Amino acid sequence: MIQKYVFGQPVNTDAVVLDIPESQEEFSVMELTESDGIRLCCRMEEEDVVYGLGEQVRGINKRGFSYISYAEDDSIHIESRHSLYGAHNFLVLNRRNQKENPDGSRSFGIFVDDPGKVVFDVGETKRDQLVIQAGGDCVIYVIEGEGMKEIVKQFRRLIGQSYLPPKWAFGYQQSRWGYQNEEDVREVVKGHHDRGIPLEAVYLDIDYMEAYKDFTVDEKKFPEFKSFVGEMKGRGVHLVPIIDAGVKIEKGYPVYEEGVRNHYFCKDENGEDFVAAVWPGRVHFPDVLNPEARAWFGGKYEILMEQGIDGFWNDMNEPAIFYSEKNLKKVMEEVISLKDENLDIDSYFHLTGIVAGLANNQEDYKSFYHNVDGVKLRHDKVHNLYGFNMTRAAAEAFGRIAPDKRTLLFSRSSYTGMHRYGGIWTGDNESWWSHILLSIQQMPSLNMCGILYTGSDIGGFASDTTEDLLMRWLEAAMFTPLMRNHSAKGTRRQEVYQFEHIEDFRNIIRMRYGLVPYIYSEYMKAALKDEMYFRPVAFDYPEDSFAYQVEDQLMVGESVMIAPVYVQNAKGRYVYLPEEMRMIRMRSLEDLTSQVIEKGCHYIGMELNELVIFVKKNHVLPLAVLENEVLTTADLAEADIKWIGFVEEPVEYVFYDDDGISGSCVPEKDWRKVTVRKTDLVY
Ligand code: MIG
Numbered sequence: 009m010i011q012k013y014v015f016g017q018p019v020n021t022d023a024v025v026l027d028i029p030e031s032q033e034e035f036s037v038m039e040l041t042e043s044d045g046i047r048l049c050c051r052m053e054e055e056d057v058v059y060g061l062g063e064q065v066r067g068i069n070k071r072g073f074s075y076i077s078y079a080e081d082d083s084i085h086i087e088s089r090h091s092l093y094g095a096h097n098f099l100v101l102n103r104r105n106q107k108e109n110p111d112g113s114r115s116f117g118i119f120v121d122d123p124g125k126v127v128f129d130v131g132e133t134k135r136d137q138l139v140i141q142a143g144g145d146c147v148i149y150v151i152e153g154e155g156m157k158e159i160v161k162q163f164r165r166l167i168g169q170s171y172l173p174p175k176w177a178f179g180y181q182q183s184r185w186g187y188q189n190e191e192d193v194r195e196v197v198k199g200h201h202d203r204g205i206p207l208e209a210v211y212l213d214i215d216y217m218e219a220y221k222d223f224t225v226d227e228k229k230f231p232e233f234k235s236f237v238g239e240m241k242g243r244g245v246h247l248v249p250i251i252d253a254g255v256k257i258e259k260g261y262p263v264y265e266e267g268v269r270n271h272y273f274c275k276d277e278n279g280e281d282f283v284a285a286v287w288p289g290r291v292h293f294p295d296v297l298n299p300e301a302r303a304w305f306g307g308k309y310e311i312l313m314e315q316g317i318d319g320f321w322n323d324m325n326e327p328a329i330f331y332s333e334k335n336l337k338k339v340m341e342e343v344i345s346l347k348d349e350n351l352d353i354d355s356y357f358h359l360t361g362i363v364a365g366l367a368n369n370q371e372d373y374k375s376f377y378h379n380v381d382g383v384k385l386r387h388d389k390v391h392n393l394y395g396f397n398m399t400r401a402a403a404e405a406f407g408r409i410a411p412d413k414r415t416l417l418f419s420r421s422s423y424t425g426m427h428r429y430g431g432i433w434t435g436d437n438e439s440w441w442s443h444i445l446l447s448i449q450q451m452p453s454l455n456m457c458g459i460l461y462t463g464s465d466i467g468g469f470a471s472d473t474t475e476d477l478l479m480r481w482l483e484a485a486m487f488t489p490l491m492r493n494h495s496a497k498g499t500r501r502q503e504v505y506q507f508e509h510i511e512d513f514r515n516i517i518r519m520r521y522g523l524v525p526y527i528y529s530e531y532m533k534a535a536l537k538d539e540m541y542f543r544p545v546a547f548d549y550p551e552d553s554f555a556y557q558v559e560d561q562l563m564v565g566e567s568v569m570i571a572p573v574y575v576q577n578a579k580g581r582y583v584y585l586p587e588e589m590r591m592i593r594m595r596s597l598e599d600l601t602s603q604v605i606e607k608g609c610h611y612i613g614m615e616l617n618e619l620v621i622f623v624k625k626n627h628v629l630p631l632a633v634l635e636n637e638v639l640t641t642a643d644l645a646e647a648d649i650k651w652i653g654f655v656e657e658p659v660e661y662v663f664y665d666d667d668g669i670s671g672s673c674v675p676e677k678d679w680r681k682v683t684v685r686k687t688d689l690v691y
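Just add 8 to wherever you are in the sequence shown, counting from 1, and you've got the working numbering.
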């Protein structure tokens, strides 16, 4: 049951797709105070668990910290960070033993549809209190139902079906900020192919553009871009260019000129085009909240699509600001005024503070405006909608330009609703072991909020990776729909062939291809049925008290549980089995062993080059057996499907598959039901 409450005069965010009448009942799951915005408060019982909030730091259970929805480009993802790049204002408070609860209070889900700043204090200030602080103009949805899965499913119905990527987007992808030109890209492809390592895509980061201008390609680096895109496609490799939010201010650059002429850019308080700076220096921001400007900006993607491009990643769309023209002027003047001064503790810190404060300055977000159907909206009030609408601009355009096929698209910034148009990657992490764990913990929270196509920068974006870290990260990311190795300029090269044990890397990436039939089947079923692909263990075992404490294992699809190693030098780990399961250990696709393990907590050895997964009782999964060399997901069409799993009596598996590219997906009644017997299992 979903109840909708409207406060003040909210803007239409397009987060939800269902038109629900306003509730006539009093708001009751939390105590509501309306002063200085909306404040909701409730007591959390000792046993209550809070799940959700999408892209944030800390654990799967969000209790014990506060989280701020205010999209931020901050690359230091440490525990004290309150906001990352996205804003997903949905959580579920799971109340256990609800039947015995004296006041009859039950589990509930809550979605705060407010595109400005929203604070979720989940027991930070007071350990037993959940406090949500939103602006005065918002819509709040309260969802009640039978348990967590059911509540999430209702929410997912409310916000609409998740994005469907093409099948090739489930293959192994290589990225690095720093690939400059054709030669660099060819070398990366060759580096993989010479060693028989599958590769589906190579990313083009900002260096492919001419002076960081969106929708341009530097002709010195890529003299024949279209034919180069074709050449790569001939080798099975898709090129995926980055698109940044800021449009360079430069006379003669058509995107800039058209935007100015048609008033498609965000305006400052005087009605002039707002000037900020990012990569290209001074830029304007396309007003993607304005439907006309959105259609125009989205249409520009066609320039690259005409050259054969069929995938994009949208970056810097919080939007990130290095500085605004106005603030830079002010800061420069202050800096100059301090020249020759004897800087004491206060003036010194003031100086460093104002310079550091140039980037992503809150005041700047208050000084520009959107024009939505003639209504002027101050940016800070709708801040979290920017990345969503930049991505929607692209997706809506794909619907016009290439309606019959799926295009790969994901974004750095997002808001609930964007999950219908694309995925996200989790931004600039570090080559830290703790960030493998963080990426595991982010997956179910994102899935709850509808973001299914997602993954982290494998190997770590910033700082130098190591061979073992990369290998463990690939194993941990074995099932993430987006499996992309990405790193920052200036860091140690981290393409898998740069390391010593290439054979191990090859085996690991081939295992991914072996598992793609399952990954794709489960992803598509989850998307089409509004379900979660990655779930916290407690979602599947809600009666099991211990399951609520598991923070480093996940359920994936209907059959699998994963328990990756994320600790330096570890040769294994403790794994909690909420029931008896079959453990499958893979050293390669040709070298599998399996063993039934009983319910309970076990130390399981896991060598660096091994993938260990657990299969639930009465469950199976398809595995592609790769006899010939497989370099892309397209080659899987030839592969034999074998079954692995844990069955005594025959079970039925709904095996979803399609051509991997056409837009429409066959209805559920046509999905293939496969009966698998014990004797069909290869392991
Ligand atoms: O401020 O385009 O998160 O993946 O490599 C850095 C360069 C801008 C941030 C993205 C990262 C990308 C980088 N970008």
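The beta-carbon is built from N, C-alpha and C at its ideal position, and this holds for glycine as well. Computed from a prediction, not measured in an experiment: that's the story for all the values here.
Is residue i near the ligand MIG, with its Cβ less than 8 Å from a heavy atom?
{"i": "His469", "result": "Reading off the sequence shown, one finds Phe at residue 469, where the question assumed His. Yes, the ligand MIG has a heavy atom inside 8 Å of this Cβ."}
{"i": "Trp185", "result": "yes"}
{"i": "Ala496", "result": "yes"}
{"i": "Gly395", "result": "no"}
{"i": "Ala328", "result": "yes"}
{"i": "Asp252", "result": "yes"}
{"i": "Trp692", "result": "Summary: the structure shown does not reach residue 692, with the chain confined to residues 9 through 691, and so no result is reported for it."}
{"i": "Asp81", "result": "yes"}
{"i": "Trp287", "result": "yes"}
{"i": "Ile84", "result": "no"}
{"i": "Ile466", "result": "no"}
{"i": "Met9", "result": "no"}
{"i": "Arg420", "result": "yes"}
Ignore the nearest five residues each way along the sequence and tell me which others in residue i's own chain have a CB closer than 6 Å to its CB.
{"i": "Ile516", "result": "Leu482"}
{"i": "Trp304", "result": "Tyr272"}
{"i": "Arg89", "result": "Val65"}
{"i": "Met532", "result": "Tyr664"}
{"i": "Leu213", "result": "With the sequence shown as reference, residue 213 is identified as Asp, and Leu is not the correct amino acid for it. Hits under 6 Å: Trp185 and Ile250."}
{"i": "Val58", "result": "Lys70, Arg71, Leu99, Leu101 and Val130"}
{"i": "Thr415", "result": "Asp318 and Phe406"}
{"i": "Ser529", "result": "Phe663 and Tyr664"}
{"i": "Gly143", "result": "Gly45, Asp122 and Gly124"}
Taking all protein chains shown into account, decide if residue i is buried (16 or more other Cβ within 10 angstroms of its Cβ) or exposed.
{"i": "Met589", "result": "buried"}
{"i": "Lys275", "result": "buried"}
{"i": "Asn20", "result": "exposed"}
{"i": "Phe15", "result": "buried"}
{"i": "Glu326", "result": "buried"}
{"i": "Cys609", "result": "exposed"}
{"i": "Ser355", "result": "exposed"}
{"i": "Lys497", "result": "exposed"}
{"i": "Lys256", "result": "buried"}
{"i": "Ser464", "result": "buried"}
{"i": "Phe554", "result": "exposed"}
{"i": "Tyr216", "result": "buried"}
{"i": "Thr499", "result": "buried"}
{"i": "Arg408", "result": "exposed"}
{"i": "Met38", "result": "buried"}
{"i": "Ala253", "result": "buried"}
{"i": "Ala546", "result": "buried"}
{"i": "Arg520", "result": "buried"}
{"i": "Ser670", "result": "exposed"}
Compute the beta-carbon to beta-carbon distance between residue i and residue j, rounded to the nearest angstrom, for a pair I have assumed lies under 8 Å.
{"i": "Leu99", "j": "Leu40", "result": "Not a contact, Cβ separation roughly 16 Å."}
{"i": "Asn322", "j": "Ala402", "result": "7 Å"}
{"i": "Gly430", "j": "Tyr171", "result": "5 Å"}
{"i": "Leu26", "j": "Arg165", "result": "7 Å"}
{"i": "Ile167", "j": "His427", "result": "7 Å"}
{"i": "Glu208", "j": "Thr641", "result": "6 Å"}
{"i": "Gln162", "j": "Ile28", "result": "Their Cβ separation, rounded to whole angstroms, is 11 Å, which puts Gln162 and Ile28 out of contact at 8 Å."}
{"i": "Gln181", "j": "Met491", "result": "6 Å"}
{"i": "Gly668", "j": "Val628", "result": "In fact, because the Cβ distance is near 22 Å, the residues do not count as touching under 8 Å."}
{"i": "Met398", "j": "Val296", "result": "5 Å"}
{"i": "Ser74", "j": "Val127", "result": "6 Å"}
Can you give me the Cβ contacts of residue i inside the same chain, cut-off strictly under 8 Å, excluding the 5 residues immediately before and after it?
{"i": "Asn617", "result": "Met479, His509, Asp512, Asn515, Ile516 and Arg595"}
So, for residue i: in the same chain, excluding its five sequence neighbours on each side, which residues have a beta-carbon less than 7 Å away from its beta-carbon?
{"i": "Tyr505", "result": "Gly199, His200, Arg203 and Ile205"}
Quick check: is the beta carbon of residue i nearer than 9 Å to any beta carbon in chain D?
{"i": "Asn636", "result": "Included in the structure is just one protein chain, with no chain D present."}
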